[in-house]
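From first to last, the protein sequence lines are chains A and B.
Read in order, the letters of the first sequence correspond to residues 13 to 302 in this note's numbering.
Read in order, the letters of the second sequence correspond to residues -9 to 580 in this note's numbering.
First comes the structure, then the notes that go with it.
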Amino acid sequence: MDLILQLLFTGIGIGAVYALVALGFVLIFRATNVVNFAQGEFSMVAAYLMVVCVELGLPYWLSFVIALAGMALLGVIFNLGVYYPLRHRTYLPVIIATIGASILLSNSVLAIYGPQPQVLQGWFDTPGIQLGPVYLDSQYLLIIGVTILLVLFNFWFFEKTLLGKKLQATSQDKEMASLLGISVSTMIMITFIYSAVLGGLAGILVAPVLFVSIQMGSTIALKAFAATIIGGFGDVAGAIVGGLALGVIETFGAAYISVPYKDGFAFLVLIAFLVFRPQGIFGERVAEKA
Amino acid sequence: MSASDNMIPAPAVRSKPLIIRHLPYFIGAAVLVALAAGMQFDGYILNILLQATTFSIAVFGLSVVLGLCGQINLAQAAFFGFGAYAVGLGTADLHLNFWLCLVGACAITLVAGAFLGMSTLRLGGHYLAMVTISFQQIVTLVMINAVGVTHGPDGVANIRRPELFQSSQSYLAFCVAMLAIVGYLVWHLPDTKLGRAMRAVRDNELAAGVNGIDVFRTKVSAFAVCAVLGGLAGGLFAGGFAYVSPDQFSFAESIQFLTMSLLGGVASPIGSVIGTGLLILIPEWLRFLKSVPGLYLAIYGLSVILIIRFMPDGIWGFVSDAFTRWRAHTKAPPVAGALHLKPATTGGDIVLEVTGLSKHFGGLKAVDGVDIAVKRGSVHALIGPNGSGKTTTLNVLSGLYKATSGKIVLDGTDITNMAPHQRTAAGLGRTFQNIRLFRSMTALENVEIGAERPGNTMIGKGDDALTERAMEALTFVGLGSRANELISSFSYGHQRLIEIARALASNPTLLLLDEPAAGLNSTEKLELHELLKRIAAQGLTILIIDHDMTLVSEAAQHITVLNFGRRIADGESMAVLRHPDVVSAYLGSE
Chain A
13 MDLILQLLFT GIGIGAVYAL VALGFVLIFR ATNVVNFAQG EFSMVAAYLM
63 VVCVELGLPY WLSFVIALAG MALLGVIFNL GVYYPLRHRT YLPVIIATIG
113 ASILLSNSVL AIYGPQPQVL QGWFDTPGIQ LGPVYLDSQY LLIIGVTILL
163 VLFNFWFFEK TLLGKKLQAT SQDKEMASLL GISVSTMIMI TFIYSAVLGG
213 LAGILVAPVL FVSIQMGSTI ALKAFAATII GGFGDVAGAI VGGLALGVIE
263 TFGAAYISVP YKDGFAFLVL IAFLVFRPQG IFGERVAEKA
Chain B
-9 MSASDNMIPA PAVRSKPLII RHLPYFIGAA VLVALAAGMQ FDGYILNILL
41 QATTFSIAVF GLSVVLGLCG QINLAQAAFF GFGAYAVGLG TADLHLNFWL
91 CLVGACAITL VAGAFLGMST LRLGGHYLAM VTISFQQIVT LVMINAVGVT
141 HGPDGVANIR RPELFQSSQS YLAFCVAMLA IVGYLVWHLP DTKLGRAMRA
191 VRDNELAAGV NGIDVFRTKV SAFAVCAVLG GLAGGLFAGG FAYVSPDQFS
241 FAESIQFLTM SLLGGVASPI GSVIGTGLLI LIPEWLRFLK SVPGLYLAIY
291 GLSVILIIRF MPDGIWGFVS DAFTRWRAHT KAPPVAGALH LKPATTGGDI
341 VLEVTGLSKH FGGLKAVDGV DIAVKRGSVH ALIGPNGSGK TTTLNVLSGL
391 YKATSGKIVL DGTDITNMAP HQRTAAGLGR TFQNIRLFRS MTALENVEIG
441 AERPGNTMIG KGDDALTERA MEALTFVGLG SRANELISSF SYGHQRLIEI
491 ARALASNPTL LLLDEPAAGL NSTEKLELHE LLKRIAAQGL TILIIDHDMT
541 LVSEAAQHIT VLNFGRRIAD GESMAVLRHP DVVSAYLGSE
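Okay, here's the thing in structure tokens:
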């Protein structure tokens, strides 16, 4: 029982990271109808920026701000370099271009920084607290806390602010939005910046738990994508629930079934969902086509 | 069998058999094989050639699935690996015959590809991209971790070759021969029935479905073909290099295959060979790049973005575009005779009987308990103000929407629950309000797909008969002389005529026309009216939906009027148009 609680805590902590990246996926998908296969690389790049800043001797909070600012810039470059020139083409060229971008980003970092995985200190000096039978790692607590805050922020931002509503209008009907005086390209730019920052945040938060490595991006991204399908593609709540569920499934799978195949569980669950319930837990909102 | 063959008179002009027309290709291939066998290469060159040859075959697979059918596969390296491990483990550990292992490699990848395709191809492209990546990752995990079977990261050594091709030189010649054979098949594929179906699915899934193509099966076939070519290539690769390990079949390799395919031109096997050759040779020339880990793959990633941005059709795409433009000016095939429509007459007097048909979207009753009876040989019109449920009715009839309740009987067959392509096979032909032609094909090819409808009794066997039927249909609508032009060079009105020709070529029992006059100018409307008369004169039953009252009242003998999803009038044309409910629905009541 103690072990189960402990695993549940760890699973939710990891799942919260998947949920953050999944949120970034969903936001870009809703705004552009494109799945950004480089979403995970945003996390990886942010983690490396963080490592670089901390090694330069900057304070942790300043490194954090610089890394996130760097991600915002990357979001701009990504939009202008990868998405924008292809915006009038079908989804297939765009997917392939984002895959290209993912390879470019991860291998550029590899070329600059070498294959050796890096270690990033956690935010807190205290490693964690013992609560009854469960040991609560401070970094996992931070991840869960930040995720809750972000989900609340996300809700407030999209439902209560004018900018959020403009973004929603853009994702639902670009032509109509532009006729109403909303600059569609600005909205898409904002979406890319926001989801790059979200992805970066996830990467920085998870870095002290995992090693900072070239592969961390693609691993996280694949699982976050699986989370969006499990939750129901294109659905914000689905992405979060799917991410948490996946984190828990994976942690329990590793503990009770097999450690080497830990990364395989997510994909097996994904394929099972695709076969038996492709619309996901919450159901993809697909309009019938005419 | 032989009796029916005798019934079909041989066409006057018979083109030369395919094998003769393609003789230059085979002579060229034979020369290449002889060169590969005869020239003395040193080991380094030999390895590069062997790699290029086997990789090209795997990339052919991508040109089928991505180029022809428009579906993405990011696990080609996994299928390549399946083939390589089948031959590797089979010959090295189990001491089986090479040929047996090679056949096994193809069989395993066929099953794996078909299974993967069947589980995801019903869903959109993003899912497919994701699932193939997942599959790729699982395969890599298994190769590394299932040490008992795969030898884990150590890989498989001492892979054997067939007795016949023991020397590297002769094995290379064998691989080049395989490349030539597979290349020929892939090159010829677009002009076969399956290949046309794949292109149709790529260009417009919806239109492909209503023209009698089983979209799902076509996609699965394309995916399975791609997987098998990957498996075959992997098997040959394993034999060539005698050693394989998991890192040769990783996700990065899948991306490399994709890049090769995109660079050369995804639509053609020639492009595949160009792309593969370049991407194997260029890195060899730029070996120094490999000294910095990652730099080399980073350049790959950048090239993918640049190719997609600036050269969407690849290197070969540039060349073949010019060729296509030249071909548009070539003469259209000869027309043997006039188009004959011979609608099937198995049922009774009523061709289409719709009873109590409803389609609800959530709470909205778009169509609510509608009855329609279309008499054989008549022109029947379905009219109604905007939002009355006309197009929804048509979409339910052709199977794009599933009926909430009610029954649709076509010529005695209950088609209520059939998929669109099955209804087409049962004798339904339709056109769309927003034209849905296969845009990357010529007018003739579009109409050929219509003529290929399963159950079309009006065409003989073989490609010549198909072309003949399609030419007849195109000539019938007045566009026969422009058969070889691409769809994009036709005006809107002419595209509509091509859509009608596509439906006519299939010799339907019932023709559904969805607002055929929409967007036409007055001359074009007159031409359309004439065309409808000529179609009706051949006894084909037509159900037409349109706003144009002049067209409807002159062409149709019978009119059904919908409003707010319900039938408000039905009967002989003039009587219906004077019906007070109809007048108030269109003009508003006083």
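No residue lacks a Cβ here, since even glycine has one placed at the ideal position from N, Cα and C.
All values derive from a computational prediction rather than experimental measurement.
Alpha carbon to alpha carbon, how far is residue j from residue i? Give it in angstroms, no decimals.
i        : j        : result
A/Gly6   : A/Ala58  : The structure shown does not extend to residue 6 of chain A, since chain A is modelled only from 13 to 302, so the question has no answer here.
B/Gln547 : B/Ala371 : 8 angstroms
B/Val399 : B/Lys355 : 22 angstroms
B/Thr434 : A/Phe37  : A quick correction: the sequence has Leu, not Thr, at residue 434 of chain B. In a straight line, the C-alpha of B/Leu434 is about 42 angstroms away from that of A/Phe37.
B/Pro410 : B/Gly417 : 11 angstroms
B/Phe466 : B/Asp181 : 24 angstroms
B/His141 : A/Leu174 : 59 angstroms
A/Lys235 : B/Ile35  : 42 angstroms
A/Leu20  : A/Phe277 : 16 angstroms
A/Ile200 : B/Leu494 : 45 angstroms
B/Val241 : B/Ser124 : Going by the sequence as given, residue 241 of chain B is Phe instead of Val. Cα to Cα, B/Phe241 sits roughly 10 angstroms from B/Ser124.
B/Gly338 : B/Lys365 : 9 angstroms
A/Ser207 : B/Leu56  : 29 angstroms
Return the residue from the list the options that minimises the CA-CA distance to residue i.
i        : options                                   : result
B/Val573 : B/His548, B/Glu544, B/Gly555 and B/Met539 : B/Met539
A/Glu53  : A/Leu116, A/Leu80, A/Gly254 and A/Pro129  : A/Leu116
B/Thr421 : B/Gln156, B/Arg568, B/Tyr174 and B/Ala507 : B/Ala507
B/Gly185 : B/Ala455, B/Ile203, B/Leu154 and B/Glu153 : B/Ile203
B/Gly73  : B/Glu243, B/Thr110, B/Gly107 and B/Val218 : B/Val218
B/Leu550 : B/Phe239, B/Ser378 and B/Val200           : Before going further, note that residue 550 of chain B is Thr rather than Leu in the sequence given. Taking only the C-alpha atoms, the option nearest B/Thr550 is B/Ser378.
A/Thr198 : A/Glu262, A/Leu122 and A/Thr44            : A/Thr44
B/Gln126 : B/Arg557, B/Gly220 and B/Gly352           : B/Gly220
B/Leu226 : B/His85, B/Leu92 and B/Glu514             : B/Leu92
A/Ala181 : A/Val196, A/Trp168 and A/Phe167           : A/Val196
B/Glu195 : B/Leu58, B/Phe50, B/Leu347 and B/Gly561   : B/Leu58
B/Ile362 : B/Leu501, B/Gly346, B/Gly304 and B/Asn37  : B/Gly346
Output, in chain order, the set of chain C residues within a Cβ distance shorter than 9 angstroms of residue i.
i        : result
B/Pro283 : The structure shown has no chain C; the protein chains it does contain are A and B.
Does the CB of residue i have a neighbour CB from chain A at under 8 angstroms?
i        : result
B/Ile245 : yes
B/Ala198 : no
B/Gly60  : yes
B/Leu427 : no
B/Thr122 : no
B/Tyr117 : yes
B/Ser109 : yes
B/Pro444 : no
B/Asn201 : no
B/Tyr75  : no
For chain B, find out if any of its Cβ atoms is closer than 8 angstroms to the Cβ of residue i; answer yes or no.
i        : result
A/Glu300 : Reliability of the predicted coordinates at A/Glu300 is poor, the pLDDT of 35 falling under 50, and the value obtained from them is presented with this limitation in mind. Yes, contact with chain B.
A/Arg297 : With a pLDDT of 47 at A/Arg297, under the threshold of 50, the modelled position of this residue cannot be trusted, and the question is left open.
A/Ala113 : yes
A/Asp275 : yes
A/Ala8   : Summary: the structure shown does not reach residue 8 of chain A, with chain A confined to residues 13 through 302, and so no result is reported for it.
A/Ile261 : no
A/Ile283 : yes
A/Phe2   : No answer is possible for residue 2 of chain A: the residues shown for chain A start at 13 and end at 302.
A/Pro71  : no
A/Pro220 : no
A/Phe54  : no
Is the Cβ-Cβ distance between residue i and residue j less than 8 angstroms?
i        : j        : result
B/Tyr391 : B/Thr382 : yes
B/Arg443 : B/Ser496 : yes
B/Ala197 : B/Phe480 : no
B/Ala545 : B/Val369 : yes
B/Tyr161 : B/Gly229 : yes
B/Phe213 : B/Leu111 : yes
A/Met62  : A/Phe76  : yes
Say yes only if the C-beta of residue i is nearer than 7 angstroms to one or more non-hydrogen atoms of the ligand MN, and no if none qualify.
i       : result
A/Gly87 : The ligand MN is not part of the structure shown, which contains no ligands of any sort.
Within the region 257 to 281 of chain A, ranges of the beta strand (DSSP E) (whole runs, at least 3 residues): Listed in chain order, there is nothing to give.
Unbroken stretches of the alpha helix (DSSP H), 4 residues or longer, contained in the region 74 to 134 of chain A: Runs of the alpha helix (DSSP H) inside the region 74 to 134 of chain A: 103 to 125.
Whole beta strand (DSSP E) elements within the region 327 to 394 of chain B, 3-residue minimum: Complete beta strand (DSSP E) runs here, min 3: 340 to 351, 354 to 365 and 369 to 373.
Length-filtered (3 minimum) beta strand (DSSP E) runs lying within the region 167 to 220 of chain A: Correct list: empty.
Contained alpha helix (DSSP H) runs [length at least 4] in the region 162 to 194 of chain B, N- to C-terminal order: Within the region 162 to 194 of chain B, the complete alpha helix (DSSP H) runs of at least 4 residues fall at 183 to 193.
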